[in-house]
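Everything below concerns the one structure shown next.
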Amino acid sequence: MARESGWRREQGRVFLRGRRWWLAFYHQGREIRESSGSTDRRKASNLLRDRLGAIYSGRFIAPEQVRVTVGELIESLRLEMSARAPKGWYTLKGMFPRLIAALGHHRAVAVTAEILRAYERDLHAQGLAKATRGNYLWLLKAAFRLGMKDRRVGLMPEFPKLGALKNARRGFVEPERLAELVGHLPSRMAQDIVRFAYGCGWREAEVLGLRWEMVPASAPARRPWCSGCRASFMGINRPVPASRPLSVLFDSLIQPPVASD
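This note's numbering runs 30 ahead of the 1-based position in the sequence shown.
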């Protein structure tokens, strides 16, 4: 059917299909057609006006966006982040299954500020620190941002504000101070762990999760401080800096292999 006289793209249009009036309008460069469900042209025009008002105010939700779930948004973010392995991925990777289990069943368009506040309260009841709760909310917000970028969602829910997380690492420990701290530790193992963390600058989870099998067998004498050697965490390579203190530390840890019977 030909467009109505004087029709303009930004105004949309109404037209007959059978006995019912339909409306057509543009959203994000794509034409959307919707049945008014009525044989009354005036009702169709009023519905079109409501749809255009929602678009101009940023409240419009496209039909295909209604079906998108939070779980789908989170999975898209997981795939995107795993492909580029950003800083902190080793820590964040384990949060995705928990996010999906908690909120994945919700329709993205149905997520409200109250749902998010309830989720944050649940995390707090589980004993999670403010920084950890903030990481979960940050991932969820990043999933919505990616969904908006891909036009899978049109609205961003209001996220609770936790205030400053205060988890940034600050200041430096001088070698003299390190020696004093190590002297107060109760065991040789604890001392070696602290010395290694000081030498490489890794986070606690990365240091405590390190195993010899993570170090490439091609490294000479399995010495991780050798040039070009990297330890692999969850498929992500982390370089071990070359330094004399780490060399001495690993020489003291390496034991000759025990022959098996």
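Don't be surprised by glycine CBs; every beta carbon is placed ideally from N, CA and C.
According to DSSP, residue i sits in a beta bridge with which residue or residues?
i: E61; result: Y56
i: W232; result: Beta-bridge pairing links W232 to no other residue.
i: S68; result: W51
i: L46; result: W51
i: R137; result: T99
Under the rule that 16 or more other beta-carbon atoms within 10 Å means buried, what is residue i, buried or exposed?
i: V166; result: At residue 166 the sequence reads Tyr, which differs from the Val that was named. Y166 should be labelled buried.
i: V96; result: exposed
i: G48; result: exposed
i: S217; result: exposed
i: Y149; result: buried
i: M111; result: buried
i: R151; result: exposed
i: M231; result: First, the residue type needs correcting, since residue 231 is Gly and not Met in the sequence shown. G231 comes out exposed.
i: A138; result: buried
i: G42; result: buried
i: F163; result: As written in the sequence, residue 163 is Arg, which differs from the Phe given in the question. So R163 counts as buried.
i: G59; result: exposed
i: A173; result: buried
Can you give the beta carbon distance from residue i to residue j, rounded, assuming they're within the 8 Å contact cut?
i: R63; j: A74; result: R63 to A74, Cβ: 12 Å. No contact.
i: L77; j: S66; result: 5 Å
i: Y228; j: L208; result: 6 Å
i: V203; j: I223; result: Contact doesn't hold; Cβ gap of about 15 Å is too wide.
Thinking C-beta only, is residue j closer than 8 Å to residue i?
i: G136; j: V98; result: Residue identity check: residue 136 is His in the sequence provided, not Gly. Cβ atoms of H136 and V98: not closer than 8 Å.
i: R225; j: V212; result: yes
i: W51; j: R71; result: yes
i: L169; j: M125; result: yes
Under a CB-based cut-off of 8 Å, is residue i close to chain B?
i: S112; result: The displayed structure is made up of one protein chain only, and chain B is not part of it.
Discussion item. For the segment 103-112 against the segment 165-185, do three or more pairs of beta-carbon atoms, one drawn from each stretch, fall closer than 8 Å, so that the two count as touching?
Written reply: Verdict: yes, contact present.
Discussion item. Counting beta carbon pairs with one atom in the segment 152-161 and one in the segment 107-124, are three or more of them shorter than 8 Å?
Written reply: no
Item to complete: Indicate whether the contact test is met: 3 or more Cβ pairs, each with one atom in the segment 185-192 and one in the segment 138-148, closer than 8 Å.
Response: yes
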